[in-house]
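S.K.: In the numbering used here, the protein residues as written are 55 to 806.
(1) Please name the residue or residues paired with residue 817 in a DSSP beta bridge.
(2) Starting from residue 328 and walking both ways along the beta strand (DSSP E), at which residues does that stretch end?
(3) Compare the Cα-Cα distances from residue 695 to each of 675, 342, 657, 707 and report the closest residue.
(4) Let me know the secondary structure DSSP gives residue 500 once reduced to three states.
(5) Do you know offhand how far residue 568's Cα is from residue 681's?
(6) Give me the Cα-Cα distance between residue 194 and residue 470, rounded to the nearest whole angstrom.
(7) Return the CA-CA distance between residue 463 and residue 364, expressed in angstroms with no decimal places.
(8) Between residue 183 and residue 255, is the Cβ-Cβ spacing less than 9 Å?
(9) To which residues of the same chain is residue 307 closer than 7 Å at the C-beta, ignoring the five residues directly before and after it?
(10) Within the 9 Å Cβ cut-off, does residue 548 reach chain C?
(11) Can residue 691 and residue 654 be called in contact, C-beta distance under 9 Å?
(12) Report back the beta-carbon spacing between residue 519 and residue 498 to the nearest angstrom; my notes put them in contact at under 8 Å.
(13) What is the DSSP secondary structure of residue 737, counted as helix, strand or coil?
(14) Based on Cα-Cα distance, which residue from 639, 804, 446, 454 lies nearest to residue 423?
(15) By DSSP's criteria, residue 520 is part of a beta bridge. Which residues make up the other side?
(16) Note down the Cα distance separating residue 630 from residue 759, rounded to an integer number of angstroms.
(17) Can you tell which of 715, 410, 164 has its C-alpha closest to the C-alpha of residue 402?
(18) Helix, strand or coil, according to DSSP, for residue 384 in the structure here?
(19) Going by C-alpha to C-alpha distance, which of 523, 165, 412 sits closest to residue 397?
(20) Please determine if the segment 423–439 and the segment 492–508 are in contact, where contact requires at least 3 C-beta pairs separated by less than 8 Å.
(21) Going by other Cβ atoms of all chains shown within 10 Å of its Cβ, with 16 needed for buried, is residue 75 buried or exposed?
(22) Does the Cβ of residue 205 have 16 or more other Cβ atoms within 10 Å, making it buried, or fewer, making it exposed?
(23) Could you compute how far the alpha carbon of residue 419 sits from the alpha carbon of residue 493?
(24) Runs of 4 residues minimum, wholly inside the segment 141–208: which ones carry the alpha helix (DSSP H) assignment?
(25) Can you tell me whether DSSP reads residue 652 as helix, strand or coil?
(26) Is it buried or exposed for residue 415, if we count other Cβ within 10 angstroms and need 16 for buried?
(27) Please list the terminal residues of the continuous alpha helix (DSSP H) segment that includes residue 291.
(28) State the start and end residues of the unbroken beta strand (DSSP E) segment that holds residue 778.
(29) In the structure shown, what three-state DSSP assignment does residue 238 receive?
(30) Below 8 Å, can you find three or more Cβ-Cβ pairs linking the segment 636–644 to the segment 589–596?
(31) Can residue 158 and residue 84 be called in contact, C-beta distance under 9 Å?
(32) Tell me the DSSP secondary structure of residue 808 in three-state form.
(33) Which same chain residues, not among the five before or five after residue 248, have their C-beta less than 7 Å away from its C-beta?
(34) Decide yes or no for the touch test of the segment 154–170 against the segment 197–204: beta carbon pairs closer than 8 Å, at least 3 of them.
(35) For residue 536, which residues of its own chain have a beta-carbon under 8 Å away from its beta-carbon, when the five flanking residues on both sides are left out?
(36) According to DSSP, is residue 470 part of a helix, a strand, or is it coil?
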């Protein structure tokens with residue numbers, strides 16, 4: 055039976071002494087993949103002007119195998135020209151360009167051979183070993199891949215693609231000389247092809263050897279990147295009618311320059327200085343590049359690293375070299391992420407999440423970003439890999455699930471130690487709150503081994519930060535059979551400095567009662583009503599009297615009463631003055647006023663209506679008037695209320711109408727000066743989004759800096775007031791203030 059040549063593999067090599075060993079290995083693996091088939095391959099090796107002794111040695115070794123054809127190109131013009139030279143000697147139906155230092159996966163190769171052998175294969179291109187997963191892609195896939203290729207979000211090396219030989223010849227698609235010749239080549243291929251197929255297998259295991267041409271940034275590589283940019287622009291202008299998608303020239307220039315800068319900054323300072331000088335000269339002297347540099351859009355701190363670095367360099371290219379280098383190193387030492395993604399872990403009933411934030415974009419609620427669905431394969435390694443992938447997607451293309459999130463910011467790349475763990479790894483609840491999700495009503499444990507994940511994390515060296523905060527949410531955590539053993543493990547870990555249990559307190563838990571004897575343990579219970587009728591309407595089950603009795607029992611077990619936080623989630627049906635007044639009266643009668651009070655709102659709301667805004671100030675004022683020591687607004691209020699836009703008079707009128715004292719509402723007052731203790735998001739909100747912040751009432755923010763107040767007192771500002779600005783850290787902030795003997799300066803009230 056006559057075998058036909060299915061595949062021509064073209065391999066350029068230059069001064070690679072041991073290239074023959076790798077090429078012979080290609081042949082061995084290919085023979086195995088083709089075993090039992092009627093097809094054959096040919097290996098075309100092009101020596102691209104190597105030294106005579108290296109060329110002769112490789113030729114001697116490779117000539118021994120009949121499937122290998124060896125040709126010499128006596129002048130080194132780069133791998134692209136060598137590939138074109140080899141194409142003229144090929145006879146296969148398909149052409150595959152490989153480097154001389156790759157490694158082939160035998161199983162992936164067998165799948166590839168099967169795909170190439172199909173009689174029904176009509177596509178011009180077969181892709182494999184890609185960076186992204188396109189299995190669930192909707193829409194025009196070719197257009198998507200073109201954009202990703204041009205924006206350095208997909209692999210740009212030709213070894214990831216196999217081409218129909220006749221397609222390349224009939225369209226006269228050729229490589230350019232020099233470096234980064236693949237970029238324009240692939241752009242033209244995807245613009246000209248009639249169809250392509252993606253193989254969902256990894257076939258090439260890329261391994262760049264030390265002398266690989268792409269391992270170091272050089273002036274030649276800078277030339278290659280810019281040549282590819284200009285060739286793409288030129289090709290697009292000449293072929294607009296047949297293009298699948300228009301090139302965003304600004305985007306392409308920013309990405310190209312950003313990649314050059316990123317690769318440059320991997321070198322030592324001396325090389326970096328040389329390359330930046332060359333880059334400045336290159337862009338300044340080339341009229342086309344200079345024009346694009348001037349006209350390109352500017353990108354700020356919330357852009358990707360490539361775009362941000364590109365704008366920074368274009369703005370500061372003539373600055374002192376050391377300042378430019380330091381600025382670029384600082385940019386590439388950071389990336390877009392958020393605090394939760396960097397250092398938190400959220401274990402849900404059937405999924406692992408990156409966060410528990412909820413936000414709105416164009417009226418659509420987003421957030422609670424899922425990293426992994428539950429299953430036996432979920433472990434710490436899989437979670438960290440999913441986190442890394444999400445961070446990568448945020449930084450290269452803006453992950454859709456995180457677009458518009460107000461918590462995404464530029465952050466330094468640091469330790470991956472976890473400092474916050476949210477445990478919702480169960481589906482138990484004895485209430486049916488109107489604002490809660492049915493996913494907590496299933497009566498089961500997580501669909502993965504959450505205890506194993508916790509154990510892995512606590513046993514891993516550096517897995518937890520030395521100030522880790524654990525929160526049991528849900529659902530009702532005390533109903534979980536794993537509540538006790540997991541807590542025993544966590545409490546035995548010195549790195550866990552705070553453990554909060556979010557319990558509805560409808561059922562007294564002996565385990566929780568014993569647990570709160572530990573001073574690290576805090577209890578948070580949401581009551582959300584002042585009357586039995588409203589409680590039943592909002593909480594679905596149970597009665598308010600039972601909850602209060604259980605809270606009294608828990609509070610008695612606490613030496614420090616502020617470890618109990620009582621929460622009130624404001625909604626239209628519990629925000630009346632009579633309901634708020636009844637709630638405060640219940641707290642006074644129950645002897646719970648030494649607790650901390652957290653005012654929140656329904657997270658399903660995009661913004662809080664004026665009814666709830668007035669109610670949150672009324673409730674705070676009533677609680678303070680009744681003797682509460684600490685009342686604070688939480689992050690749900692923060693995300694849904696713009697206090698700077700608030701009509702202050704409407705709040706005054708509401709309080710007056712309901713006979714509520716305004717003493718505990720801090721209106722803008724030029725005679726008072728307030729310092730925020732805490733430098734997190736709450737402090738930023740109070741400074742930037744309140745009338746008090748805008749009026750100059752807030753003069754500074756500090757973090758555990760007692761000396762600051764002694765200094766200001768010496769300057770004649772001894773009457774400064776301190777406003778604790780935190781949510782989950784509010785307890786620690788107040789304790790720090792008191793430890794600094796500044797407790798008498800804490801403002802009893804809330805800012806407007």
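Built from N, CA and C at the ideal position, the CB exists for glycine as well.
None of these values were measured; they are calculated from a predicted model.
M.R.: Reading off the structure:
(1) With the chain represented from 55 up to 806, any question about residue 817 goes unanswered, as that position is not in the structure.
(2) Counting along the chain, residue 328 falls outside any beta strand (DSSP E), though it belongs to the alpha helix (DSSP H) covering 323–339.
(3) For the options 675, 342, 657, 707, the alpha carbon positioned closest to that of residue 695 is the one of 657.
(4) coil
(5) 29 Å
(6) 37 Å
(7) 18 Å
(8) yes
(9) Cβ neighbours of residue 307 beyond the five flanking positions: 283, 346, 350.
(10) The structure shown contains no chain C; it holds only a single protein chain.
(11) yes
(12) At roughly 31 Å, the Cβ-Cβ gap does not stay under 8 Å, so residue 519 and residue 498 are not in contact.
(13) helix
(14) For the residues 639, 804, 446, 454, the minimum Cα distance to residue 423 belongs to 454.
(15) Beta-bridge pairing links residue 520 to no other residue.
(16) Roughly 41 Å separates the two Cα atoms.
(17) 410
(18) helix
(19) 523
(20) As far as the Cβ criterion goes, the segment 423–439 touches the segment 492–508, which means the pair count is three or higher.
(21) exposed
(22) buried
(23) 18 Å
(24) 160–171, 195–204
(25) strand
(26) exposed
(27) 273–292
(28) Element bounds for residue 778: 775–778.
(29) Helix at residue 238.
(30) no
(31) yes
(32) Residue 808 lies beyond the residue range present for the chain, which begins at 55 and ends at 806; the question has no answer from this structure.
(33) Once the five neighbours on either side are set aside, the close Cβ partners of residue 248 are 178.
(34) Contact between the segment 154–170 and the segment 197–204 is absent, because fewer than three Cβ pairs lie under 8 Å.
(35) 479, 480, 499, 504, 505
(36) Coil at residue 470, not helix or strand.
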